[in-house]
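*Asks:*
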Amino acid sequence: MADTVLYEVHDGLATITLNRPEAMNALNIATKVALREAVESAAGDDAVRAVLLTAAGDRAFCVGQDLKEHIGLLVEGSGEVMSTVKEHYNPVVKALTEMPKPVVAGVNGVAAGAGLGFALAADYRVVAETASFNTSFAGVALTADSGVSWTLPRVIGPGRAADLLLFPRSIKAQEAYELGIANRLVPSASLHDAAEQVARMLASGPTVAYAAIKEAVAYGFSHTLAETLEKEDELQTRAGASEDHRIAVRAFVNKEEPKYLGR
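Residue numbers (UniProt numbering): 1 to 263.
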């Protein structure tokens, strides 16, 4: 895995750090490959019970595609210019949204284009008060990718999503919080600690229940009420059969704090 993406697992938490602060964590090919590998590793590792996606530096979470590399590929006529959506962005977003464990994004600065897409693919976003968001795509004559056409309308509604996609602009942290893009705002200096605290709390929680919640919410957006009720029944049966459910009930009866095992 390239050093442009750092990956570590400790006490059930996988921390994935975009590590190109000098380039505002822009996504060149090496970074995209390393990010895909890291996210897929976290998704497939049973020892991982939560994921924290964050970035080095204090200026940017990720400004999206590395346009310096991109323009070079355009000039060369390289076939890799637009294949990156299928080869890199789509696998990253699918792994983030579909993995059966919660994902926290710690957004320390600018999140634009695919950077916004990756943040939106997380289940919970802890955002520095100095951060900002921008769809960016139309500004370089492109359409939405990295899942933004799916995630953004679900987070802020289709009307507001259309506005931000057609007329890209910088969305400051407070507005992002009001729109629902940011779940929690924190001072910039405490962003990494705050995001890690949230992620560690989830990593020590009832993993099977979190996975079911994540699946239920995604399912409900594209199915009828009757279908969603059936899905809830299926998922509740699964959660109810978990060891963590028995631990939680026993702890409640005994007035103790539950110590979940993630199974």
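C-beta: ideal position from N, C-alpha, C; glycine also.
Roughly how many whole angstroms lie between the Cα atoms of His192 and Thr15?
*Replies:* Rounded to the nearest angstrom, the two C-alpha atoms are 11 Å apart.
*Asks:* Of all the options Ile213, Pro153, Asp66, Glu227, which has the alpha carbon lying nearest to the alpha carbon of Leu120?
*Replies:* Closest by alpha carbon: Pro153.
*Asks:* Are three or more beta carbon pairs between the stretch 84-93 and the stretch 26-41 nearer than 8 Å?
*Replies:* A contact exists between the stretch 84-93 and the stretch 26-41.
*Asks:* Might you give, ordered along the chain, the residues of its own chain that have their beta carbon closer than 8 Å to the beta carbon of Met24, omitting 5 neighbours on each side?
*Replies:* So the qualifying residues of the chain are Gly57, Arg59, Ala60, Cys62, Val63, Gly109, Val110.
*Asks:* Which residue spans inside the stretch 67-148 form an unbroken beta strand (DSSP E) run of at least 3?
*Replies:* Taking only runs of at least 3 residues, the beta strand (DSSP E) segments lying wholly in the stretch 67-148 are 103-107, 110-112, 124-128, 132-134.
*Asks:* Measure the alpha-carbon distance for Ala128 versus Glu232 and round it to whole angstroms.
*Replies:* Each residue's Cα considered, the two are about 34 Å apart.
*Asks:* Confirm, please, whether the CB-CB distance from Leu96 to Asp66 is below 9 Å.
*Replies:* No, the Cβ-Cβ distance between Asp66 and Leu96 is not below 9 Å.
*Asks:* Indicate whether Ala131 and Ser188 have their beta-carbon atoms separated by less than 9 Å.
*Replies:* Yes, they are a contact pair.
*Asks:* Considering only residues of the same chain and omitting the five flanking positions on each side of Lys101, which have a CB-CB separation below 7 Å?
*Replies:* Correct list, in chain order: Val48, Arg49, Ala50, Val51, Thr207, Tyr210, Ala211.
*Asks:* Going by other Cβ atoms of all chains shown within 10 Å of its Cβ, with 16 needed for buried, is Lys255 buried or exposed?
*Replies:* So Lys255 counts as exposed.
*Asks:* Would you mind reading off the limits of the alpha helix (DSSP H) that contains Thr31?
*Replies:* 29-44 is the extent of the alpha helix (DSSP H) around Thr31.
*Asks:* Taking the alpha carbon of Val198 as the reference point, which residue from Val126, Ser41, His88 has its own alpha carbon closest?
*Replies:* Comparing Cα positions, the closest option is Val126.
*Asks:* Give the straight-line distance between the Cα atoms of Ala161 and Tyr89, rounded to the nearest whole angstrom.
*Replies:* Near 20 Å, if we compare the C-alpha coordinates of Tyr89 and Ala161.
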